[in-house]
Amino acid sequence: MSILVTGAAGFIGFHLSKRLLERGEEVIGIDNLNAYYDVQLKKDRLSQLLQEKSFSFTLLSLEDKAAVDALFDTHRFEVVVNLAAQAGVRYSLINPYAYLDSNLSGFLNILEGCRHHAVKHLVYASSSSVYGLNTAMPFSVHHNVDHPVSLYAATKKSNELMAHAYSHLYHLPVTGLRFFTVYGPWGRPDMALFLFTKAILEGKPIRVFNNGNMKRDFTYIDDIITGVERIIDRIPEPNPAWSGDSPDPASSCAPYRLYNIGNNNPVDLMQFIEALETALGKRAEKQFLPLQPGDVPATYADVDDLVRDVGFKPATSVEDGIQKFVDWYRSYYNQ
Numbered sequence: 008m009s010i011l012v013t014g015a016a017g018f019i020g021f022h023l024s025k026r027l028l029e030r031g032e033e034v035i036g037i038d039n040l041n042a043y044y045d046v047q048l049k050k051d052r053l054s055q056l057l058q059e060k061s062f063s064f065t066l067l068s069l070e071d072k073a074a075v076d077a078l079f080d081t082h083r084f085e086v087v088v089n090l091a092a093q094a095g096v097r098y099s100l101i102n103p104y105a106y107l108d109s110n111l112s113g114f115l116n117i118l119e120g121c122r123h124h125a126v127k128h129l130v131y132a133s134s135s136s137v138y139g140l141n142t143a144m145p146f147s148v149h150h151n152v153d154h155p156v157s158l159y160a161a162t163k164k165s166n167e168l169m170a171h172a173y174s175h176l177y178h179l180p181v182t183g184l185r186f187f188t189v190y191g192p193w194g195r196p197d198m199a200l201f202l203f204t205k206a207i208l209e210g211k212p213i214r215v216f217n218n219g220n221m222k223r224d225f226t227y228i229d230d231i232i233t234g235v236e237r238i239i240d241r242i243p244e245p246n247p248a249w250s251g252d253s254p255d256p257a258s259s260c261a262p263y264r265l266y267n268i269g270n271n272n273p274v275d276l277m278q279f280i281e282a283l284e285t286a287l288g289k290r291a292e293k294q295f296l297p298l299q300p301g302d303v304p305a306t307y308a309d310v311d312d313l314v315r316d317v318g319f320k321p322a323t324s325v326e327d328g329i330q331k332f333v334d335w336y337r338s339y340y341n342q
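Spelled out as structure tokens, the structure:
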């Protein structure tokens, strides 16, 4: 297949592109290489992909409509996987307009490209952050998610609504994936595991929010990629049982689906830190702080739909996943 992966130099986009190339697909990657975090890390990911003959890359921002249109005119994509976005809950409090440009205008350009070029399946990244103020655990794709607590979450919820509208109007098969706290080698420097590892090795304190009373459904990158890979191959169809009298948020009378991809096993933040200390062989100095605006105290993914439809359930333990991240980190930074 010819597959477009947006955000190919990003954490998840890099790993997905590698997996798709390994199975023999032609991958066209795009990324704008913005400076939200270390650009060199993005370039180093990209350099690995460019070694493969079946991979090509275009430097491009999703909000550049003319460039996106030209990309779709040049290639005939069977599948589009949209992973490009302005990430980060906390950054959305500082620079909200970046989220409107990339996550809304940019996603609209992708939807238009798919619509006008008969793309067989659009798979796009949503986020566990859409659950917002929901407290019924585990979080289910069949729950309503109408109370986001950050602009980032609101843009991801908007992506789901926009995707449904295009699926309904133009019969575009679309699948949204709500990722839960992804971590692993080549991860994002703004995420807790990366920040904690760097600080501990430098002998600096780590910032532990909500006084450590946090639970996260930490999901190892390989599990995320296996889930995405299987979803790519499952083109959604209308749900014949769907009814507007009692609408199911996870499906539709259109070819539209939502899935959680999470470890289905929330871990206490303090346990996560202990696993990191063990992997590093060094104790952390902890600075306990209150819950930050836009953050939530717990996440926990219901993955029953994922298991039922594609036969996969993430299962990597945080101990194994953290050790693999630490091994990569020491190698990459020569520590």
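Here the sequence shown is numbered in our numbering, starting from 8 and rising by one per residue. We put the beta carbon where it would ideally sit given N, CA and C, even for glycine.
(request) Please name the residue in N267, V333 and W335 whose C-alpha comes closest to that of R315. (result) Minimum Cα distance to R315 is reached at N267.
(request) State buried or exposed for A125, treating a residue as buried only when at least 16 other CB atoms are found within 10 Å of its CB. (result) exposed
(request) Report the option in P196, R290, Q278 and A308 whose CA atom is closest to the CA atom of G95. (result) P196
(message) Alpha carbons only, please: which of G120, D224 and N218 is nearest the one belonging to F79?
(response) G120
(message) Comparing C-alpha positions only, which one of D108, L23, S112 and N217 sits nearest to P297?
(response) N217
(message) I need the boundaries of the beta strand (DSSP E) containing L265, first residue and last residue.
(response) Y263 to I268
(message) I need the boundaries of the alpha helix (DSSP H) containing D312, first residue and last residue.
(response) D311 to V317
(request) Report the three-state DSSP secondary structure of H175 (helix, strand or coil). (result) helix
(request) Please determine if the stretch 200-220 and the stretch 146-165 are in contact, where contact requires at least 3 C-beta pairs separated by less than 8 Å. (result) Touching, no.
(request) Kindly identify the DSSP beta-bridge partner or partners of Y190. (result) Y227
(request) Answer yes or no: do A56 and G31 have a C-beta to C-beta separation smaller than 8 Å? (result) At residue 56 the sequence reads Leu, which differs from the Ala that was named. Taking 8 Å as the Cβ cut-off, L56 and G31 do not qualify as a contacting pair.
(message) With H, G and I counted as helix, E and B as strand and the rest as coil, what does DSSP make of S133?
(response) In the three-state DSSP reduction, S133 falls in the strand class (E or B).
(request) Give me the Cβ distance between A305 and P273, rounded to the nearest whole Å; I'm assuming they're in contact under 8 Å. (result) 6 Å
(request) Could you check which residue in Y43, S99, S136 and F64 has the C-alpha nearest to that of G269? (result) The candidate whose alpha carbon is nearest that of G269 is S136.
(message) Which residue wins for smallest C-alpha separation from K49, given the options L66, K60 and E59?
(response) Closest in C-alpha terms to K49, from the list L66, K60 and E59, comes L66.
(message) Which residues does DSSP list as the beta-bridge partners of T306?
(response) Beta-bridge pairing links T306 to no other residue.
(message) In whole angstroms, give me the CA-to-CA distance for R223 and Q278.
(response) 11 Å
(request) With DSSP as the reference, please indicate the residues paired to E33 in a beta bridge. (result) S9
(request) Could you work out which residue in S174, N102 and T226 is closest to S157 when comparing CA atoms only? (result) N102
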